[in-house]
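**Student:**
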Amino acid sequence: MTHCAEINRTNLPSWKALSALAQSMKNQHMNDLFAMDAQRFENFSINLPNILFDYSKNLIDDSVMAELLQLTKEVKLADWRDKMFNAERINLTENRAVLHTALRNRKQKEIIFDGENVTEQVEQALAHMETFVNQVPCQGQ
Numbered sequence: 000m001t002h003c004a005e006i007n008r009t010n011l012p013s014w015k016a017l018s019a020l021a022q023s024m025k026n027q028h029m030n031d032l033f034a035m036d037a038q039r040f041e042n043f044s045i046n047l048p049n050i051l052f053d054y055s056k057n058l059i060d061d062s063v064m065a066e067l068l069q070l071t072k073e074v075k076l077a078d079w080r081d082k083m084f085n086a087e088r089i090n091l092t093e094n095r096a097v098l099h100t101a102l103r104n105r106k107q108k109e110i111i112f113d114g115e116n117v118t119e120q121v122e123q124a125l126a127h128m129e130t131f132v133n134q135v136p137c138q139g140q
């Protein structure tokens, strides 16, 4: 298995294409990009429940988006994302899973790592932290 850190991303075709595109766009003015594309906001933003991700005000166009998507394929981003959500050992320097998802697991879905439900451990640690925080006096009291 090739670890993502072992891939020299700067040698990938999409990285080289993105570097060239960055050079070609560095003198581009944002006002011009909006003037050339009346749908720029719609094309370069995502509106999700409770969050708007607007990247239209960045030096990006369709060719940059295409190369960014190509880069995700070349580094197998979807595979690494799936491994993260499946609690696989993708932190090879520490030989453990990256369990960031367990901290954000507010629905308390079972996350099994090494045969244990880490969700229970996370909930216990968060409860302990809440108890500690509630015991810390507020300034001025």
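The sequence shown begins at 0 in numbering that gives the first Met the number 0 and counts up by one.
Where a beta carbon is used, it is the ideal one built from N, C-alpha and C, also for glycine.
Express the C-alpha separation of Met83 and Ala21 in angstroms, rounding to a whole number.
**Tutor:** As a working mapping, residue 21 is identified with position 22 in the sequence shown. As a working mapping, residue 83 is identified with position 84 in the sequence shown. About 30 Å.
**Student:** When the Cα of Ala124 is compared with those of Met64, Leu102, Ala37, which residue comes out closest?
**Tutor:** As a first step, residue 124 is located in the sequence shown; it is residue number 125 there, counting from the start. The candidate whose alpha carbon is nearest that of Ala124 is Leu102.
**Student:** Check whether the Cβ atoms of Leu68 and Ala86 lie closer than 9 Å to each other.
**Tutor:** Taking the first residue of the sequence shown as position 1, residue 68 is located at position 69. Taking the first residue of the sequence shown as position 1, residue 86 is located at position 87. No, they are not a contact pair.
**Student:** Let me know the secondary structure DSSP gives Asp61 once reduced to three states.
**Tutor:** If you number the sequence shown from 1, residue 61 lands on position 62. Asp61: helix per DSSP, three-state reduction.
**Student:** In terms of alpha-carbon separation, which member of Ile59, Glu122, Asp81 lies closest to Asn30?
**Tutor:** Sequence index remark: in the sequence shown, residue 30 carries index 31 (1-based). Of the listed residues, the one whose Cα sits closest to Asn30 is Ile59.
**Student:** If you check the beta carbons only, do Ile111 and Asn104 fall under 9 Å apart?
**Tutor:** Here residue 111 refers to the residue found at position 112 of the sequence shown. Here residue 104 refers to the residue found at position 105 of the sequence shown. No, the Cβ-Cβ distance between Ile111 and Asn104 is not below 9 Å.
**Student:** Suppose you measure from the CA of Met128 to the CA of Arg95; what does that come to, to the nearest Å?
**Tutor:** On the sequence shown, residue 128 is found 129 positions in, with the first residue counted as 1. On the sequence shown, residue 95 is found 96 positions in, with the first residue counted as 1. Their backbone Cα atoms lie some 23 Å apart in a straight line.
**Student:** Let me check understanding here. Comparing Cα to Cα, which of Thr118, Glu115, Leu32 lies closest to Asp61?
**Tutor:** One-based indexing of the sequence shown puts residue 61 at position 62. Comparing Cα-Cα distances from Asp61 to each of Thr118, Glu115, Leu32, the minimum goes to Leu32.
**Student:** I'd like to confirm the pairing. Which residues does DSSP put opposite Ile45 in its beta bridges?
**Tutor:** Here residue 45 refers to the residue found at position 46 of the sequence shown. For Ile45, which the question treats as bridged, DSSP gives the partners Phe52.
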